[in-house]
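Peer 1: Residue numbers (mature numbering (1 follows the signal peptide of the UniProt record, and there is no 0)): -27 to -1, 1 to 837. Once you've had a glance at the structure underneath, I'll fire off some questions.
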């Protein structure tokens, strides 16, 4: 029975609860409506207690007694928290009588003690709006919404689109920048001094006129830049760890491009700031030490100061003096150069061929211009991109060579063919990393290259004449034993009128089939080229179908040569792979690919329609894949948004089924040995098809493992036992599939982590998996839309496939079962050591981030 005394106690407890609940509700409020007024001393706090907004004094203190008061946003519950946004930067409130509210016209305003407006969101509404609402979000964004819009609630203004000096994760920064007061495309403006938040002298934003890069200006003069964005990183910033890779370049619904940053750990507090002193800095909150740690700064050293050494000069901290002219150039003013005043830059010593022919120092005899390679460079400013194949260096060089104004070129993965038509500005040499830059020089500046070229040409001519003489003598000597029977190809493409060059048909001439029969280690019997299985096309027919292998028909560049789009007389579109004479693939790899694909029929394997052999010309004719290869989408920050979770899962399952067919269900057990994203082609419906069987090997029915002294493949995809010992089996392909699966889920290459703390995607995935943060592995652009259980299951399967020991990896039949049946229990993976990645991470071949095939023996690596 409750007594009166007990009732009184309960009533007092209830009153106390109401008081504390009311105070907590007011303190934790994250919204302002037209009936609210936040006075000086009160604050807004985001729902999850991440950010706080209110008045503060010039010493970054909300309790500052100064007469000048500003409204800003800072991190909640962090001592001496830095301001991440300031509203009334140029018009402080005098005294402590200020307030924040929403006026009758719907705008968010700051009032002084006399109720005069000192700042306003300044939004024009279509009608008198008395129901606007401002909300402080947990990402630090202050959002003003129109609750009476005809389309429902509409965001009309937000602090993220009106930043001050700080960039926060989640902010969308348009590549065209944000117009500032002087009509420049600057996004962020520094404070005037350490205690004065008014507009300072430095601005930071995306370069509005050039390729995407972040630039810091002092007034209208460039002070520092990050270098160009290649889809993964800003190529001119020297950073370490995962924080280098957080930026992505996205496309909005209207086609506009914007940068956004997401830290690898979404719980990390990270911010970028343009300081009052002109330095761009990146900070991360250290929860253990309770302080902000600076993890990046620009300019970081003297060489990062914009154009420190002047035009046509290179800055290199590893040498003394740090500035030097590029080879073929000399200081404009040698006296200033000796006094370490390098601002005047350098000038060309010997004019280029066109300059000499136009009368500039015409007394100098020059030949054809050439290009000097400078490695590990920060690319010069003011680059332009020309449309050529992004992998073919020769095409890029040719494009620059044809334009007499072109001073240099570079072919950078993720950007393409870059050329410079003006003086080379802000060039820096890195100790490691960077890209290769090719400088145009007069022939005489290239050393004895011109003389060597002449000797080579003369030697080639003499050698050719000798060879022709010997060949003519052999023909005359054995002419009675030779029988030539020109026939029309069995391929449906060619009619009699199409035949310009005699071509043997293997079905009619057994001598040719002997030349292309399987080698002993393939274990094939009979004539693999005979019959209708593999038509032989006439070379002139294929040449006509591809418009003489024209550049406009070029689809891409494979590891062994270019691929062209063609159209047969029947109207059927094809893809023609032309073996490059300079590639390492010879007759063995070519016939291997012909024989293997001709006998394979599966919806997830590319279909070989025929081949052509004429002299040194070797062509493979495939079915045409309109969407090219998987890497064109997966590693492209713009196109990868087209790969939603459902599409990625379909691609993973399709590749798995194709591999299962190769390993178990085909007439021949085949090990692909070069499974990677660029060898997965996509048809018009984005269905995956495994391609490029030049490195594949056939196993006998009872054979499970083989050894080779010629290890071929692509670093990052090779299993440890194959890369180190030459042992390969079906489990080698399982390892490559695991790497590819993780890349599809994550959206980044395995090798893109080379300079990070984890060294590879495998290490990064294991790190997060082991800390029960596996969902952070998923590509941020699909992370919120993919089913968590399916994504985690795929990651789990990927980790099982990349285990170091082949015995611990599942076979492809088990992988397919695990992908298609959620009822199957999955074993726990063991920690991978990433051996095959580590053995190559110091190779010069990877300094430019290239993805190339390589040959090596068990004891020595030789790139090609």
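Yeah, the Cβ is synthetic: ideal placement off N, Cα and C, and Gly gets one too.
Would you give the residue range spanned by the alpha helix (DSSP H) that residue 768 belongs to?
Peer 2: Its alpha helix (DSSP H) spans residues 761 to 774.
Peer 1: State the DSSP-derived secondary structure class of residue 119, mapped to helix, strand or coil.
Peer 2: Reduced to three states, the DSSP call for residue 119 is strand.
Peer 1: Just curious, the beta strand (DSSP E) that residue 49 is in, first and last residue?
Peer 2: Counting along the chain, residue 49 falls outside any beta strand (DSSP E), and DSSP gives it neither H nor E.
Peer 1: Assess contact between the stretch 103 to 121 and the stretch 186 to 202, defined as three or more Cβ pairs (one per stretch) separated by less than 8 Å. Is contact present?
Peer 2: Cβ pair count under 8 Å is below three, so no.
Peer 1: Using the three-state DSSP reduction, which class does residue 173 fall into: helix, strand or coil?
Peer 2: Strand at residue 173.
Peer 1: Among the candidates 51, 607, 50, 91, whose CA atom is the shortest distance from the CA of residue 70?
Peer 2: The shortest C-alpha separation from residue 70 is found at 91.
Peer 1: Could you tell me which whole beta strand (DSSP E) segments of length 3 or greater appear in the stretch 285 to 360?
Peer 2: DSSP runs (the beta strand (DSSP E)) wholly in the stretch 285 to 360: 286 to 288, 296 to 298, 302 to 304, 319 to 321, 343 to 351, 357 to 359.
Peer 1: Does residue 67 come out as helix, strand or coil in the three-state DSSP assignment?
Peer 2: Strand.
Peer 1: Go ahead and pull the three-state DSSP assignment for residue 698.
Peer 2: The answer is helix: DSSP assigns residue 698 an H, G or I state.
Peer 1: Thinking C-beta only, is residue 595 closer than 9 Å to residue 576?
Peer 2: No, the pair does not count as a contact, with Cβ atoms beyond the cut-off.
Peer 1: Taking only the alpha-carbon atoms, compute the straight-line gap between residue 221 and residue 234 and give it to the nearest angstrom.
Peer 2: Answer to the nearest angstrom: the Cα atoms are 6 Å apart.
Peer 1: Kindly identify the DSSP beta-bridge partner or partners of residue 178.
Peer 2: Beta-bridge pairing links residue 178 to 188.
Peer 1: Give the straight-line distance between the Cα atoms of residue 50 and residue 260, rounded to the nearest whole angstrom.
Peer 2: Approximately 12 Å, taken between the alpha carbons.
Peer 1: From the DSSP output, which residues share a beta bridge with residue 257?
Peer 2: Its beta-bridge partners are 243, 266.
Peer 1: Here's the rule: buried if 16 or more other CB atoms are within 10 angstroms of the residue's CB, otherwise exposed. What is residue 449?
Peer 2: Result: exposed.
Peer 1: Quick one: using the 10 Å Cβ neighbour count with 16 as the cut-off for buried, is residue 633 buried or exposed?
Peer 2: Classification of residue 633: buried, given that the 10 Å Cβ count is 16 or more.
Peer 1: Would you say the beta carbon of residue 312 comes nearer than 8 Å to a heavy atom of the ligand SAM?
Peer 2: What this structure holds is no ligand at all, so the ligand SAM is not there to describe.
Peer 1: Any idea if residue 357 is buried or exposed, counting beta-carbon neighbours within 10 angstroms, 16 or more meaning buried?
Peer 2: So residue 357 ends up on the exposed side.
Peer 1: Does the Cβ-Cβ distance between residue 75 and residue 9 come in under 9 Å?
Peer 2: Yes.
Peer 1: Let me confirm a value: residue -4 is counted as buried when at least 16 other C-beta atoms fall within 10 Å, else exposed. Which label applies?
Peer 2: Confidence at residue -4 is low in this model, with a pLDDT of 43, below 50, so its placement is unreliable and no value can be given for it.
Peer 1: According to DSSP, is residue 664 helix, strand or coil?
Peer 2: Residue 664: coil per DSSP, three-state reduction.
Peer 1: Using the beta-carbon count (16 or more within 10 Å), is residue 636 buried or exposed?
Peer 2: Looking at its Cβ environment, which holds 16 or more other Cβ atoms inside 10 Å, residue 636 is buried.
Peer 1: Considering only the beta carbon of each residue, do residue 127 and residue 231 sit closer than 9 Å?
Peer 2: Cβ distance not < 9 Å, so residue 127 and residue 231 don't count as in contact.
Peer 1: Assign residue 373 to one of three DSSP states: helix, strand, or coil.
Peer 2: Residue 373: helix per DSSP, three-state reduction.
Peer 1: Leaving out the 5 sequence neighbours to the left and right, which residues in its chain are closer than 8 Å to residue 675 when beta-carbon positions are compared?
Peer 2: Note on residue 675: pLDDT 46, under 50, position unreliable in the model; no value is reported.
Peer 1: Please return the same chain residues whose Cβ sits closer than 8 Å to the Cβ of residue 710, not counting the five positions on each side in sequence.
Peer 2: Excluding sequence neighbours, residue 710 sits near 628, 629, 632, 648, 774, 785, 788.
Peer 1: According to DSSP, simplified to helix, strand and coil, what is residue 218?
Peer 2: The answer is helix: DSSP assigns residue 218 an H, G or I state.
Peer 1: Please list the terminal residues of the continuous beta strand (DSSP E) segment that includes residue 581.
Peer 2: Looking at the DSSP string, the run of the beta strand (DSSP E) that includes residue 581 is 581 to 587.
Peer 1: Three or more C-beta pairs closer than 8 Å, one from the stretch 764 to 780 and one from the stretch 242 to 251: is that the case here?
Peer 2: With a cut-off of 8 Å, the stretch 242 to 251 and the stretch 764 to 780 do not count as touching, because too few Cβ pairs lie within range.
Peer 1: Leaving out five residues on either side along the sequence, give the residues of the same chain with a beta carbon under 6 Å from the beta carbon of residue 529.
Peer 2: Here the set comprises 536.
Peer 1: What does the alpha-carbon distance come out to for the pair residue 186 and residue 783?
Peer 2: Cα-Cα distance, rounded: 44 Å.
Peer 1: Taking 8 Å as the cut-off, does the stretch 255 to 272 touch the stretch 346 to 353 (at least 3 CB pairs, one atom from each stretch)?
Peer 2: These segments do not touch.
Peer 1: Identify whether residue 6 lies in helix, strand or coil by the three-state DSSP scheme.
Peer 2: It is a strand residue.
Peer 1: Please report the distance separating the alpha-carbon of residue 179 from that of residue 277.
Peer 2: When rounded, the distance between both Cα atoms is 17 Å.
Peer 1: In the DSSP output, which residue or residues are listed as bridge partners for residue 92?
Peer 2: Bridge partners of residue 92: 83.
Peer 1: Could you work out which residue in 800, 743, 622 is closest to residue 719 when comparing CA atoms only?
Peer 2: Taking only the C-alpha atoms, the option nearest residue 719 is 622.
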